[in-house]
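Colleague: Just so you know, the protein sequences line up as chains A and B, in that order. Under our numbering, think of the first position of the first sequence as -19, with each following residue one higher. Under our numbering, think of the first position of the second sequence as 1096, with each following residue one higher. We put the beta carbon where it would ideally sit given N, CA and C, even for glycine. Below are the structure tokens for one structure; questions will follow.
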Amino acid sequence: MLEDVKYLKFKTYLNTYCPHCRNTFNYERKDEKYIVFKSIYKGEEAELKLSPYLDVFDVESSVEVAENDRLDDLICPKCKKSLIVEEPVCGECGSPVAELIITAFSKLMPFFICLKHGCTWHGLSKADENRVKLKIPRQDMPEQDMKLRVANHGEVPYGYTTELAQLEAGRCLQCKDPKCVKGCPVNVDIPAFISLIRDEKVDDAAKKIKETNMLPAVCGRVCPQESQCEALCILGLRDRPVAIGNLEKFVADYERKMDLVKVPVIKTKLKKKVAVVGSGPAGLTAAADLIQRGYSVTIYEALHEAGGVLVYGIPEFRLPKSIVNFEIDYLKQMGVKIELNCVIGNTITMDELLEHFDAVFIGVGAGLPVFMNIPGETLGNVFSANEYLTRMNLMKAYKFPEYDTPKPKGNKVVVLGGGNVAMDSARTAIRTGSTEVTVVYRRSRQELPARHEEVRHAEEEGVKFMLLTAPVKYIGNDQGILKGLECLRMQLGEPDSSGRRRPIPIEGSNFVINCDVAVVAIGNSSNPILFQTATDIKRNKWGNVEVNPETNQTSKEHVYAGGDIVTGAATVIQAMGAGRVAANAIHKKLSAG
Amino acid sequence: MFQIVRKQVLSKGAIIRFDINAPRIAAKVKAGQFVIIRVNETGERIPLTVADKDAFSGTITLIFQVVGKTTALMRSLKEGDSLKDVVGPLGKAAEVENIGTVIMVGGGTGVAILHHVAKAYKEAGNYVIGIIGARDKETMILDDEMAHICDELIITTDDGSFGERGFVTTPLKKYLDERYDIKLAYAIGPIIMMKNVCNLTKKYNLHTMVSLNPVMIDGTGMCGGCRVTVDNRTQFCCVDGPDFNGHLVDFDELEKRNNIYLKDEKDSLLNSIR
Ligand SMILES: Cc1cc2nc3c(=O)[nH]c(=O)nc-3n(C[C@H](O)[C@H](O)[C@H](O)COP(=O)(O)OP(=O)(O)OC[C@H]3O[C@@H](n4cnc5c(N)ncnc54)[C@H](O)[C@@H]3O)c2cc1C
Ligand code: SF4
Ligand code: FES
Chain A
-19 MLEDVKYLKF KTYLNTYCPH CRNTFNYERK DEKYIVFKSI YKGEEAELKL SPYLDVFDVE
41 SSVEVAENDR LDDLICPKCK KSLIVEEPVC GECGSPVAEL IITAFSKLMP FFICLKHGCT
101 WHGLSKADEN RVKLKIPRQD MPEQDMKLRV ANHGEVPYGY TTELAQLEAG RCLQCKDPKC
161 VKGCPVNVDI PAFISLIRDE KVDDAAKKIK ETNMLPAVCG RVCPQESQCE ALCILGLRDR
221 PVAIGNLEKF VADYERKMDL VKVPVIKTKL KKKVAVVGSG PAGLTAAADL IQRGYSVTIY
281 EALHEAGGVL VYGIPEFRLP KSIVNFEIDY LKQMGVKIEL NCVIGNTITM DELLEHFDAV
341 FIGVGAGLPV FMNIPGETLG NVFSANEYLT RMNLMKAYKF PEYDTPKPKG NKVVVLGGGN
401 VAMDSARTAI RTGSTEVTVV YRRSRQELPA RHEEVRHAEE EGVKFMLLTA PVKYIGNDQG
461 ILKGLECLRM QLGEPDSSGR RRPIPIEGSN FVINCDVAVV AIGNSSNPIL FQTATDIKRN
521 KWGNVEVNPE TNQTSKEHVY AGGDIVTGAA TVIQAMGAGR VAANAIHKKL SAG
Chain B
1096 MFQIVRKQVL SKGAIIRFDI NAPRIAAKVK AGQFVIIRVN ETGERIPLTV ADKDAFSGTI
1156 TLIFQVVGKT TALMRSLKEG DSLKDVVGPL GKAAEVENIG TVIMVGGGTG VAILHHVAKA
1216 YKEAGNYVIG IIGARDKETM ILDDEMAHIC DELIITTDDG SFGERGFVTT PLKKYLDERY
1276 DIKLAYAIGP IIMMKNVCNL TKKYNLHTMV SLNPVMIDGT GMCGGCRVTV DNRTQFCCVD
1336 GPDFNGHLVD FDELEKRNNI YLKDEKDSLL NSIR
């Protein structure tokens, strides 16, 4: 029964609560007619244990309201008294209540609105309220139909409607000691922003998130919430956690679509200048923080478009480029200068930058594709995921020949790896006319590092998973073009240092997968191009820059670093967090003298 | 935007020279380095080796042969028009030292790149012997400039319409047989030419550098599309090259990899004509 709740059309259905007999029911506004509807609590009464507050009436007792009836005359179907009473008075302002409505999002919870003054209050004890909230199921994200979406590059999740967002926000228990916040790498005040959604102050909710996270529209879409905030949400113990990511996306999209984003006026203008190398999430965050503090900021980007992995890696169907461009425009409007086509180390060296800037932030990412070092890797149609995705996304090869970059084409595509990059490649392949796409991963399903949503989407779209399988050799035809991938089956052994069970090859289990394109998505390491000339910046044995974790300062004076170039390939939110740490430290240093 | 300040047709419609306003690159670029350009918003990124530079006026020279859609589009541009993106200088510069006598072998549009390297070797004080080849007189480029740079210059054409008839390897062999003081060879041109030059110089144990031109996208080591096999190891041409020890390069593989997009090039070109 309760399952039906989410299917109700909340725009036209409202819950009403009788102040005399504590009865709740729904009515629908239709051509200015009010039809009293069946209570959604029917049959759930015992379980809900909401008595003595709530009674349940039968659908038969619904009353149709005459055409000219005004709401003032609406009669409760149970006690037959008018809903309009002098008592109780509004809990906030003390004036008589004209109409009592349990608003849509608190479907299961009496929630009063005083229509005269617009004030609101809850009619249940905290304990009851929470118990009721536990009954609201997690609201699923409306998504593009899976048969349709494989033929386009449009975003898959449509995003919550206001009503769904309200309902989902209603689930949050507003914990005193919110665990979710601890799971967030930048400690977004999650209950606070969710509470603002409930108060219908969505723009304030957006501001709340932006206090700690500059790119909620991006993070709502790409953060691995199930292993961060949502992993720790207390609701997760008994039910599914609050859909924090979906709510974050809702808030950010609402703010953007309703044109509520205000470019802040920067009052203080300082003489000091900071250069940012790389325009990925780390660089963008550092730039935003510093420009707001009054520094003059210039971002240098090697590619012809700003955004880093957000534009060249993550595909349109997961993160529309218009969103990234919006954020970049926002930075520009704040006064950040962006110089594209500028490779630091080549076009301008680090030392030259330091002649003109008081500090430099390095956020050059982990751009160097890792290959497996197995025979046949240089055959035609064996791509790194970076190349495959760059062609498709940045260069828009999926629109070839409207765009000039040819698209790697293959009927049978294999993707090596099990992370987000692998899912993005596989789902891109599905959308560009491949008939069979197989993800080959050497561990088991449990260990797939990709976001759960991506794995689910990939499966729905027809991507096959060949788990516990490791490639050993590419096989080519006489033109040097890939025609197959020889693999070995694996089994899980003892847990290794990471706690995951180590895959061990099964001797003699070799077999060949026929394929004409292979995409290697087994990881990225740090891009060395900057360091070919900036040799005095200390790096570890993997090529990652070494920094002081408190300040993100490198071994070189005035030079800071953060994001994938420090951590190795990680996440958008971690890169953003690192950009902020560095911005704070740069500010501290530069304002000190 | 990067303005074309000068356009010159070097060979009837097919080989064209652009001088492009790119002061930052002009100030830095060294012989052997390249840039990646994109003509317009829908364009692809293609690498072009810088044939010359003028740091004073802030221009770089690009010489290209019309082979596909992008180069055809470039041919249609006029002086005063601009390229949307030019990024560089990319790749490692040729390591130019004064080592005595060097021999510079170039073919086709490879002569454009070769001439920049030859100039650098000459300026470093070397005795420079040049051998440049082309299909015919019409497609021969920069012979005047090469004549100016080189201490000795041999010109060959396949049909004999200019200079000696035949391939560059014939005069090269003669030099190798006659002179023992040559310390280094540089070969830049079509893959088949570089391969043949390397097969020859290998016999004479003459260290030979080649400049490779695989398919590239970013040019910064990010995509791995430019992988070449050198000494049985995978190298990223855009950051580890483009110049490599020619005796260790797997030319056959490079040729195959470069052929993958041939059909797309044609489709793309047809589409642009339509
Ligand atoms: C396909 C793909 C999917 C992903 N999916 C997710 C996901 O779902 N969720 C998630 O949290 N993370 C995901 N990630 C990881 C995430 O994108 C990265 O952790 C994050 O972008 C790192 O940010 P960054 O700012 O450190 O670097 P990047 O985003 O890599 O940006 C670095 C920028 O610096 C530029 N640059 C490099 N060298 C120079 C130079 N010398 N001069 C000037 N500019 C330079 C590069 O061109 C690039 O634009 C994904 C990564 C990929 C590749
Ligand atoms: S842990 Fe879950 S229920 Fe508690 S505040 Fe966070 S999102 Fe809300
Ligand atoms: S062109 Fe992309 S790595 Fe060399």
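(1) Going along chain B in order, which residues have a C-beta closer than 9 Å to the C-beta of residue 347 of chain A?
(2) Roughly how many whole angstroms lie between the Cα atoms of residue 400 of chain A and residue 182 of chain A?
(3) How big is the Cα-Cα spacing for residue 394 of chain A and residue 351 of chain A?
(4) Roughly how many angstroms separate the alpha carbons of residue 57 of chain A and residue 155 of chain A, rounded to a whole number?
(5) Taking Cβ positions only, does residue 555 of chain A come closer than 8 Å to chain B?
(6) Would you report the Cα separation of residue 424 of chain A and residue 493 of chain A, rounded to the nearest angstrom?
(7) Comparing the C-beta of residue 1368 of chain B with each C-beta of chain A, is any distance below 8 Å?
(8) What separation, rounded to the nearest whole angstrom, lies between the Cα atoms of residue 237 of chain A and residue 462 of chain A?
(9) According to DSSP, what are the bridge partners of residue 467 of chain A?
(10) At a CB distance below 9 Å, what residues from the region 1157 to 1182 of chain B approach chain A? Give them in sequence order.
(11) Does residue 1051 of chain B come within less than 8 Å of chain A when only Cβ atoms are used?
(12) Helix, strand or coil: which one does DSSP assign to residue 556 of chain A?
(13) Using a Cβ cut-off of 8 Å, pull out every chain A residue sitting near residue 1355 of chain B, in sequence order please.
(14) So, are the CB atoms of residue 1116 of chain B and residue 1154 of chain B less than 8 Å apart?
(15) Which two residues bound the contiguous beta strand (DSSP E) that contains residue 1144 of chain B?
(16) Of all the CB atoms in chain A, is at least one closer than 8 Å to the CB of residue 1139 of chain B?
(17) Please work out which residues of its chain come closer than 7 Å, Cβ to Cβ, to residue 480 of chain A, disregarding the five sequence neighbours upstream and downstream, and give them in chain order.
(18) Express the C-alpha separation of residue 514 of chain A and residue 412 of chain A in angstroms, rounding to a whole number.
(19) Hey, residue 275 of chain A and residue 373 of chain A: beta-carbon distance below 8 Å or not?
(20) Using alpha carbons as the reference points, say which of A/470, A/233, A/464 and A/431 lies closest to residue 607 of chain A.
(21) Do residue 1097 of chain B and residue 1177 of chain B have their CB atoms nearer than 8 Å?
(22) Report the residue from A/488, A/476 and A/225 whose alpha carbon sits nearest the alpha carbon of residue 467 of chain A.
(23) Three Cβ pairs or more, each shorter than 8 Å: is that satisfied between the region 535 to 547 of chain A and the region 141 to 152 of chain A?
(24) Do we get a CB-CB distance below 8 Å when we pair residue 316 of chain A with the residues of chain B?
(25) Identify the contact partners of residue 1118 of chain B in chain A, using a Cβ-Cβ distance below 7 Å as the criterion.
(26) Rounded to the nearest angstrom, what separates residue 12 of chain A and residue 143 of chain A at their Cα positions?
(27) On the DSSP bridge assignment, give the partners of residue 1133 of chain B in chain order.
(28) Distance check for residue 1200 of chain B and residue 1057 of chain B, CA to CA, integer angstroms please.
(29) Return the residue from the list B/1225, B/1313, B/1308 and B/1243 that minimises the CA-CA distance to residue 282 of chain A.
(30) Please return the same chain residues whose Cβ sits closer than 8 Å to the Cβ of residue 48 of chain A, not counting the five positions on each side in sequence.
(31) Please compile the residues from chain B whose C-beta is within a distance smaller than 8 Å of the C-beta of residue 284 of chain A.
(32) Say whether the region 208 to 217 of chain A touches the region 237 to 248 of chain A, bearing in mind that this needs 3 or more beta-carbon pairs closer than 8 Å, one atom from each stretch.
(33) State yes or no: is the beta carbon of residue 323 of chain A nearer than 8 Å to at least one beta carbon in chain B?
(34) Spatial neighbours of residue 383 of chain A within its chain, please: CB distance less than 6 Å, with the 5 preceding and 5 following residues excluded, ordered by chain position.
(35) Give the DSSP-derived three-state secondary structure of residue 477 of chain A in the structure shown.
(36) Less than 7 Å separating the Cβ of residue 171 of chain A from some heavy atom of ligand 2?
Modeller: A quick look at the data gives this:
(1) 1313, 1315, 1316, 1317 and 1318
(2) 30 Å
(3) Their Cα atoms are separated by approximately 15 Å.
(4) Any answer about residue 57 of chain A is weak, because its pLDDT of 47 lies below 50 and its placement is not dependable; what the coordinates show is given next. For residue 57 of chain A and residue 155 of chain A, the distance between alpha carbons rounds to 37 Å.
(5) no
(6) Distance between the alpha carbons of residue 424 of chain A and residue 493 of chain A is about 19 Å.
(7) At residue 1368 of chain B the pLDDT is 48, less than 50, meaning the model places this residue with poor confidence and gives no usable figure here.
(8) 45 Å
(9) A/451 and A/491
(10) 1163, 1164, 1165, 1168, 1179, 1180, 1181 and 1182
(11) Within the shown structure, residues of chain B are numbered from 1096 to 1369, placing residue 1051 of chain B beyond reach of any answer.
(12) helix
(13) 360, 361 and 461
(14) yes
(15) Unbroken beta strand (DSSP E) run through residue 1144 of chain B: 1141 to 1149.
(16) yes
(17) 423 and 427
(18) Each residue's alpha carbon lies about 40 Å from the other.
(19) no
(20) Missing from the structure shown is residue 607 of chain A; chain A here goes from -19 to 573 and no further.
(21) yes
(22) Looking from the CA of residue 467 of chain A, the closest CA among A/488, A/476 and A/225 belongs to A/488.
(23) No, because fewer than three Cβ pairs between the region 535 to 547 of chain A and the region 141 to 152 of chain A fall closer than 8 Å, the two stretches do not touch.
(24) no
(25) The contacting residues do not exist; residue 1118 of chain B stays about 11 Å from chain A at best.
(26) Its pLDDT being 30, under 50, residue 12 of chain A is placed unreliably by the model, and the measurement read from it follows with that caveat. Going from the Cα of residue 12 of chain A to the Cα of residue 143 of chain A covers about 21 Å.
(27) B/1180
(28) In this structure chain B extends from 1096 to 1369, so residue 1057 of chain B is not present and cannot be described.
(29) B/1313
(30) Per-residue confidence for residue 48 of chain A stands at a pLDDT of 44, beneath the threshold of 50, marking its modelled position as unreliable; the derived number appears in the next sentence. Excluding residues within five positions, none has a Cβ falling inside 8 Å.
(31) 1133, 1140, 1179, 1180 and 1182
(32) no
(33) yes
(34) Closer than 6 Å at Cβ, skipping near neighbours: 376.
(35) coil
(36) yes
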